[in-house]
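Scroll down for the structure; my scribbles are underneath it.
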RNA sequence: GCCCGGAUGGCGAAAUCGGCAGACGCAGCGGACUUAAAAUCCGCAGGAGUUUACCCUCCGUGGGGGUUCAAGUCCCCCUCCGGGCACCA
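In the working numbering, the protein residues as written are 344 to 1205.
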């Protein structure tokens, strides 16, 4: 039955078409994350798309103009691997996979309008990646710099972070990945760090979990940047101190005055969230890669060797993903820097626990009030100086050594001591005043640091968007002019494992003419990260054929923001933060009005089996094709919605699919039994007053209410399906009674029950709904019909069952009319035999009545 | 280490606002139909006790405490499982 229906749908081109802007119906944009075209849909996709399709169908039936598109995240490394393995060109391989997966999606009965399909590996799409890149380049949002990359010596090529597994190459599990310095293109996402962070508060429709993850990823810290000036002249004291190998600071020079410091003198900048502890600083610690370290080491052979050791150690730990537990080691540089607050000269060290990438790559070490500094100082015998005490022991008189708290003491609700003019301030106040003081004196000030780093988009791969720049011997970096876009990815490229970008080997591609001087130029051979493709694909759906621009503004204004985005939580950070960034860039280019791509986000749970994520290595993969072949698309989809609420992990149990399939079979047979009757009795309304008729209609309308509520609320479709099952059970059980009614009445009941049941099924089991709709004589496709309206009158209970408790224990159920007076209810409760036994010989102390819900008699012995 | 989730029958789960714990389904058991099986239909089904049976009683939502007439649900403490981040200064 399903393949036949599928053909019928395919023939109706306009079935799922969205109207252009201005149609009058309210718009609704429901989007599911586009898949990578591996060639095989997996159960995670089935789940994701079943949720989205149910919603799309429901919204359509409720009169919305629904945009429900699908596309392909079609660039990426697997195509190159397949090329190597099967000798198939990546393009061919990818397009074949797309055709295959499209068939699978159609077979599932997903309601996409394929005319909006977007395929990111086609020039019509990726030319706009290049166009956006050029706009960013113009605005300084794209830039080039040297940076560390993962390098597999075996493949002689660069790897993406995702391809580094436990520090080794994914193709050569024994081969440790190295870090190499390469020139890379970056997008300045950090320029939007604050806005991306603030924007999260304006996204109440996003799961807290995702918002928290993004917040942590952006990692904003408020603090101060302080400049420690290099102490060039080291006097006699220093000789002695240097001999102590930089373990304690040297006292301030005579007549030191912070306000008299030369703000232009060379120094080392330090970012700290705890300026209030600066009087407790006893050294500076620099990242081994810090530029100052290099200059210090130039004149000092033994220091250079030590730094190299530290670098090597840090590198190895980084590869083993073991940085946090690395033993803290360091080396004294022999130099000193002036603490601008008190003039002390602090020994400058290099330490393996300081990271170049964060803050300024240098820290002031305050062992008494920082765990890492404490650990380091203990190990190397550095001075530890307490400058913060808990409020209760920090009374000036009591501030003796013996009152020192356990170190390191990091509590911020404390008082600052031994800190010059800032002594006895609270930590937070001291932080503010000290940062302000630094600003006044010109050696620093309040500052903010982010964990977020700029987005490196260069990939030394073939199957991606070519980065549209040229390198001219005379003019340097030259952007490809707009009218020369797209820079086409050449087709006949030999994919090898031998070093660097495959495009580098294509002479016709690399050789170019500089558009400025007409001289010879070399084309960039790196391609873009595929996250670029997925950062804006959902805009293209609104205007997929546009050859003049990525999209027309008025279409975006109509469709955006996305009303509901649905996908896996694994994209919570990367894809979803890049998309938010890209949208803001487009907004600042004047291309869109919205700042956020999607107002609501839903992250579905994983599909697992036997308690573990499905994977080849565990051998617990369930193939959608197999499920569909065995149980049909409706059963497969419906089970994926029935087995668990969509936000939770779903344990795939084939017996469960069989159960859903059985249920759908029951519904089918029910429809076949009464379809003829419904068709011929269309419009019959006189269902009479029989208890069986009113009872069933009540059940029907309660179910309508229940399901409608779920769609606009929690999306617990598992309970929707359970409700439909309950309804069907009630109908089946009442069949004999209905048969006893006068023919006109039973026909009228079936005419109300069956078509509405079909409508309720439509979002979850579209094939069966369509089939039965036809059987019942529906005028046109079920999925173009109106969602049934809940009738409060029909749903009203004649009688409610109110549980009766005595001292909180259930003793019976009283039956009363809904809205019955409390006295009536209590009367009914008291007349229950079990209640009387329980109350016998005791005093009723209190009666708790929750109208319509419960009655509780509180009794005491007596 | 820090931040999020989660824990309810043999299993997936339900109980949406503090008000009948286990809806719905799976597996299981019993029955009908059948030469038989499959399919289908009907019924039973948290645990313990008592009982010929009907009934009835007690216990029960990871563990311990608390608030309340009433707690799976709220508060405090703890255990286990899953995920994210992690030398972020």
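Note that CB positions come from ideal geometry on N, CA and C, so glycine has one too.
When only Cα atoms are considered, residue 918 and residue 856 end up about 36 Å apart.
Contact between residue 470 and residue 1013 fails: their C-beta atoms lie close to 54 Å from each other, not under 8 Å. Contact between residue 691 and residue 674 does not hold, since the beta-carbon distance rounds to 10 Å and is not under 8 Å. Taking all protein chains shown into account, residue 386 has 16 or more neighbouring C-beta atoms within 10 Å of its C-beta and is therefore buried.
If you check the CB distance, residue 377 and residue 461 come in under 9 Å. Counting every other CB atom within 10 Å of its CB across the protein chains shown gives residue 800 a total of 16 or more, marking it as buried. Under the DSSP assignment, residue 1132 falls outside any alpha helix (DSSP H); it carries neither an H nor an E label. Judged by pairs of C-beta atoms under 8 Å, the stretch 1143-1152 touches the stretch 1196-1203, as three or more such pairs exist. Remark: C-beta atoms of residue 1153 and residue 1159 do not approach each other more closely than 9 Å. With a threshold of 16 other beta carbon atoms within 10 Å, residue 488 falls short and is exposed. Rounded to the nearest angstrom, the gap between the Cα atoms of residue 976 and residue 349 is 11 Å. Counting the other CB atoms within 10 Å of its CB gives residue 1075 a total below 16, which places it among the exposed residues.
Here residue 361 is buried: its Cβ has 16 or more other Cβ atoms, across all protein chains shown, within 10 Å. Assignment of beta strand (DSSP E) within the stretch 583-655, counting only whole runs of 3 or more residues, yields 610-615, 626-629 in chain order. Contact between residue 391 and residue 910 holds: CB atoms are separated by about 6 Å, below the 8 Å threshold. Our two residues, residue 561 and residue 1155, have alpha carbons roughly 57 Å apart in a direct line. Contact annotation: residue 485 and residue 529 have beta-carbon atoms nearer than 9 Å.
Residue 412 sits away from residue 357, with the two beta carbons spaced by 9 Å or more. Here residue 832 is not near residue 821, since their CB atoms are 9 Å or more apart. Look at the beta carbons and you see the stretch 627-645 touching the stretch 693-706: at least three pairs across the two are nearer than 8 Å. At a Cβ-Cβ threshold of 9 Å, residue 901 and residue 365 count as neighbours. Residue 601 is positioned such that its CB atom lies closer than 9 Å to that of residue 786. Nearest to residue 1183 by C-alpha distance, out of 449, 1164, 618, 1204, is 1204. The beta carbon of residue 1044 sits closer than 7 Å to the beta carbons of 1133, 1134, 1137, 1138 from its chain, once the five residues preceding and following it are set aside; these are given in chain order.
For residue 853, the closest of 844, 865, 859 by C-alpha to C-alpha distance is 865. In this structure residue 988 is in contact with residue 1059, their Cβ atoms being roughly 5 Å apart against a cut-off of 8 Å.
Proximity to residue 1151 across 532, 682, 1191 peaks at 1191, based on C-alpha coordinates. At the C-beta level, residue 677 and residue 643 come within 9 Å of one another. Counting C-beta pairs closer than 8 Å gives three or more between the stretch 752-765 and the stretch 608-627, which meets the contact rule. Setting aside the 5 residues that flank it on each side, residue 1000 is surrounded in the same chain by 970, 974, 978, 979, 982, each with a C-beta closer than 7 Å to its C-beta; the list follows chain order.
Burial state of residue 1094 is buried, judged by a 10 Å Cβ sphere holding 16 or more other Cβ atoms. Residue pairing by DSSP places residue 461 opposite 414 in a beta bridge.
Looking from the CA of residue 481, the closest CA among 774, 824, 886, 872 belongs to 824. By the criterion of at least three beta-carbon pairs nearer than 8 Å, the stretch 945-958 is not in contact with the stretch 1075-1089. For residue 649, the CB contacts under 7 Å within the same chain, skipping 5 residues up- and downstream, are 674 in chain order. The Cβ atoms of residue 625 and residue 727 lie closer than 9 Å to each other.
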